[in-house]
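Single-structure report; data block below.
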Amino acid sequence: MDRHFRLTPPAPPAPDTSGFSAHVLLDGRFCLDEPIGHGTAAYVWRATDLSSLEKVAVKIFSAPLGHAPEGHEAVREAAALRAVENPNVVRMIADGTISHPATGVQTPYLVLELVRGADLRRSICGVLPPDAAARLGIGLAAGLAGMHAAGYIHRDVKPSNILLDSSTGEAKIADLGIAVNKQGQRDGQPSYGSLSYMSPEQIRRTPLTSATDIYSLGLVLLECLSGVRAFDLPQTETMAARTVRGPELPAAMPTGWRSLLAAMTSVLPEERPTAEQCRLALASLCRRPSAVAA
Ligand SMILES: Nc1ncnc2c1ncn2[C@@H]1O[C@H](COP(=O)(O)OP(=O)(O)O)[C@@H](O)[C@H]1O
Ligand SMILES: [Mg+2]
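Numbering of the sequence shown is given in my numbering, commencing with residue 1 and proceeding in unit increments.
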């Protein structure tokens, strides 16, 4: 990714209402500085690792550990992050639990490398030039290829789970909270994921393959290039539409992009390219100046 992205300064994160505050110490080592983001499951803080004085990110989950810790999202995310070590996937430094300052219940947390920048949802504005979108896609496809090779499917690829490092320009995949091992799936499971980026098979609740992440990545890249969310319709309409047709691709889109995005967002998972094939296709789009002209 280069510096020509049209990025807006990130909006300030919402204040942490989860009961933690600055200077809380985790494991005698990680000292909370300030909240930097949140999603549906957790608040994320910038923190200082007192053993090295390096800055880290601490993801503190809202749900307490409870009686079945093995099913907790934090435990599952930690297992997935341990299995998938890849430069384009956020790195885990430590994990643990802390007694909640207000309620005293055991609350799980993950210590992650701090990605200095903002997630794609908060930072992107307007449309990205095709070559910048290709560079973004190359990093994300590389991260997904690593994850798929390690046996994991992310299941929730979307802009708020994509972190952009503003100094190196690198894109990193975050939030493996609902990532699943390819072997561990059953038919009729609840459809996890985020509605706007879910694949047709996630909507139908059939067993998933890694192709589900390719579909979601296709929608993310299409949104970057077009500036609009492909399936931003009312819930029932968007769900029904997606199981029968692919997203509309802008007529002015360069041919190479059109064919790649059409394949990535095919209704049929087996028609989609693998993450590694996407990476190579995006690299070839980057290398051919005529194919990336707006
Ligand atoms: N390692 C990190 N470095 C910097 N910011 C992060 C990091 N991890 C998460 N964030 C920020 O916190 C937000 C929520 O994190 P996420 O892991 O997606 O939580 P949730 O599981 O609740 O969705 C992200 O959208 C991003 O803005
Ligand atoms: Mg998230």
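All C-beta atoms, glycine included, are put in the ideal place defined by N, C-alpha and C.
In DSSP terms, what residue 48 is bridged to: 31, 55
query = Is it a yes or a no for the stretch 243–261 touching the stretch 115–127, going by three-plus beta-carbon pairs under 8 Å?
reply = no
Can we count residue 119 as close to ligand 2, meaning its CB is less than 6 Å from some heavy atom? no
### Message
Using only the alpha-carbon positions, how far apart do residue 96 and residue 157 sit?
### Response
CA-CA distance, residue 96 to residue 157, rounds to 25 Å.
Practice problem: Determine the closest residue to residue 267 out of 35, 239, 125, 257, with distance taken between C-alpha atoms. | Solution: The shortest CA-to-CA distance from residue 267 to any of 35, 239, 125, 257 is the one to 239.
**Q.** Beta-carbon spacing of residue 282, residue 134 below 7 Å
**A.** Closer than 7 Å, so yes.
Query - According to DSSP, residues forming a beta bridge with residue 144 - result: Paired residue(s): none; residue 144 is not in a bridge.
Assign residue 180 to one of three DSSP states: helix, strand, or coil.
DSSP places residue 180 in strand when its eight states are reduced to three.
Q | Through-space distance from residue 275 to residue 141, alpha-carbon basis | A | Looking at the two C-alpha atoms, the distance is approximately 5 Å.
message = Under DSSP, the alpha helix (DSSP H) around residue 223 begins and ends at which residues?
response = 211–226
Check: What do you get for residue 105, buried or exposed, if any count of 16 or more other CB atoms within 10 angstroms of its CB means buried?
Finding: exposed
Contacts around residue 48, its chain only, beta-carbon distance under 8 Å, and the 5 residues preceding and following it disregarded = Only 30, 31, 33, 54, 55, 56 meet the Cβ criterion.
Exercise for the section: Would you list, in sequence order, the uninterrupted alpha helix (DSSP H) runs of no fewer than 4 residues that lie entirely inside the stretch 59–139? Expected result: 73–83, 120–123
Checklist line | Contacts around residue 214, its chain only, beta-carbon distance under 6 Å, and the 5 residues preceding and following it disregarded | finding: 264, 272
Point to revise | residue 59 versus residue 176 - alpha carbon distance | key: 12 Å
**Request:** Could you tell me whether any non-hydrogen atom of ligand 2 is closer than 6 Å to the CB of residue 160?
**Result:** yes
Own chain residues within Cβ distance below 7 Å of residue 148, not counting five before or after
Excluding its 5 nearest sequence neighbours in each direction, residue 148 has C-beta neighbours in its own chain below 7 Å: 210, 275, listed in chain order.
Self-check item: C-alpha gap between residue 285 and residue 132, whole angstroms
Solution: 11 Å
How many Å lie between residue 25 and residue 36 at the Cα? Each residue's Cα considered, the two are about 17 Å apart.
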